[in-house]
Structures are given as structure tokens and as C-alpha cells.
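One structure is given below, encoded as C-alpha cells.
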Amino acid sequence: MKIAFDVDVLSKQMSINDLVHQVADWGYKYIEQSPHPRINPFYKHPLFSKECEEEYRKALKETGVEISSFICVYRWSGPTEEQRKMAVANWKKMIEIAVNMGVPVINTELSGDPNQQEICNGMWFRSMEELLPIIEREGLRVEIQSHPYDFCELNDEACDMVKSFRSKNLGYVYSSPHGFFYDQGKGDVRHMLKYAGDELTHVLFADTFNQTLDCRYILNPPSLNQRGREDVSVHQHLNLGMGDVDFDGIFETLREMDFANKQLKLDAPKVGGDNIACVSIFGFPEKMNEWAPAARERIENELLKK
């Protein structure tokens, strides 16, 4: 299992060279490269100039850190056909970048609009029909997560969508800070992880509050506090233990599923190498020097040490 750090919080503060060295200083061996304005910006066409690539490769060589995965977020589920076509073009370029950099995994979100679920569902499957042959040809693993305010927010439905392709090149991402959206506030992490089963190749670790409970978040106008999905979706990426997520349940279930070792076996269910456990804490960047190493150590102790 690869333990990675999502560098979103660092990308807003420092250069690529500095963020790679910072991750290494925190004891991580892997970076999850989330959308970055010089590489894979949100919704826009990927960039990644020659100079940017050289800076990144040099920093990786100096530190011994590797990129476990890229995150890209495009409007491949529309809701318009023009948006979908542009997103597919973005995807093709992102696949080229991943192959060139030797990164075996790309994870992504469903995107779309929760108020136009029917059209976005159809757009997503149309995009998958175009992209999956390319993904399989290149030997990549693409991992899907549903995100708050995507056209699908539910764990079981998203898992079923991934499972429907029966492809070793598709996996499922369980994001703990999104989990209360995944089952509409129940927070039953054991069920959600077990339902994903062999599709589960990637877990994001951060805490959040249960947005369905009274006064966890206070929004105005007051009507928004009664779920209010049409207008706003709210969640956090906090340090483990700061919110309502059942991390004991997550770690216990991942051990039962042998998440740390499953992809290392000869009969690994998916391509793309090890499963990934990624620390995805964004809030309070001024506290990352304490929080980032502590989160890594907890994952190591819970999932790697016997």
C-alpha cells in the first residue's frame, strides 16, 4: 500500500520544487498530485510545460519521492455536450501526461449537476465508452469518486456504476470527508467500504462534520441548513479526530478487507499497482507540520504494522 499526501494545500503556497521537498520532510514517499494551475487545472485543459516537468522531475530525483497518482476534475458528465467533448479532450491529454511521467493511477470525480442527474448520467457513460479503451490500452488505473454536488453523491450507486464496466482498469475512491454525503448522513463506513469490495483501490483520509446534523454548519439564509443541495453543499477536510468520521470503523474494516496487501498479490483485482491511502487534509495549513506526519504515522500503525 502506498501512503500519499495530497499536495493541494501546498500548491497554493509554494513552488513545485518546494512542495516535493516538504512532503519528503514529512516522511512521505508518495505525492498525490491534485489539480495544479501549472499542470492539471480544474476543468481546463492540462498544461505541464517542459520547464514545469523538468522542475518536477528534478525535485522527485533529489528526494526519492514518487507520484502515486494524479487527480483531475473535468466536466465529462456535462451537462452540455460541448462541456463533455472538451472534458474528453482534457482527459486524453491527462492520460498522455500520466504515461509520460510513469504515473499508473489517475483518480477523478463524477462532476455534473445533482439537479440534472439523468442527463449527466448519460453523458458520463458516453464519455466512459470513449475513454475506457484508451485507459485500458495504456495500462492505467482510473479511479472514480462521487463528490458533494456531483450528479451522483451516493456510495453504493457510484460503486455500481464502476462495477458495471467489469474492468480491471477502473477502481473506486472512498473519500472519508465526503462519507456523510455517500449515505445521506448515516456515516456507516463499514457498509460503504465493504460494498465497494474489490473495486476499492484508494481511500482519502480527512475528517469532516455530518452536514445533516443540526448546527454542524450554519448557513444563511436559514433554509439552506435543511440540506439545501440545490443551492449549496458544504464539507471539510480536517485533521483526523476533529469531526464526526468513524475512523476506528474505517481502519478496522480496511484491515478486514486486507486493503494494504490486496493489490500486491498475484491475483490482484486491478492493474496499476498498490492500493493508495492518501492524506487529504486541506484546512489549517499553518498546522500541517504537526498534522501531516501524525496522519501518516496513524495510517502506518493502523494498516501496515502487525
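For the sequence shown, counting from 1, position 190 maps to 190 in UniProt numbering; every step adds exactly one. The C-beta atom is built at its ideal place from N, Cα and C for all residues, glycine as well. Nothing here was measured: the structure is a model prediction, and the numbers come from that model.
Between the C-alpha atoms of R38 and I250 there is a straight-line separation of about 34 Å. For I276 against S69, the beta-carbon gap comes to about 6 Å, under 8 Å, which counts as contact. Here DSSP, grouped into helix, strand and coil, assigns F284 to coil. By the beta-carbon neighbour count (other beta carbons within 10 angstroms, threshold 16), F181 is buried. For E81, the CB contacts under 8 Å within the same chain, skipping 5 residues up- and downstream, are M123 in chain order. Within the model, the alpha-carbon separation for Y74 versus S127 is close to 11 Å. When DSSP states are grouped into helix, strand and coil, H202 belongs to the strand group.
DSSP places Y182 in the uninterrupted alpha helix (DSSP H) bounded by G179 to Y182. Following the DSSP letters along the chain, one finds C120 in no beta strand (DSSP E) but inside the alpha helix (DSSP H) bounded by residues Q117 to E138.
Of the other Cβ atoms in all chains shown, fewer than 16 fall within 10 Å of the Cβ of L213; this residue is therefore exposed. Scanning H178, H202 and M288 for the CA closest to the CA of T208 turns up H178. A Cβ-Cβ contact shorter than 8 Å links K168 with V271. The beta-carbon distance between E138 and I95, rounded to whole angstroms, is 6 Å. This is short enough to meet the 8 Å contact definition.
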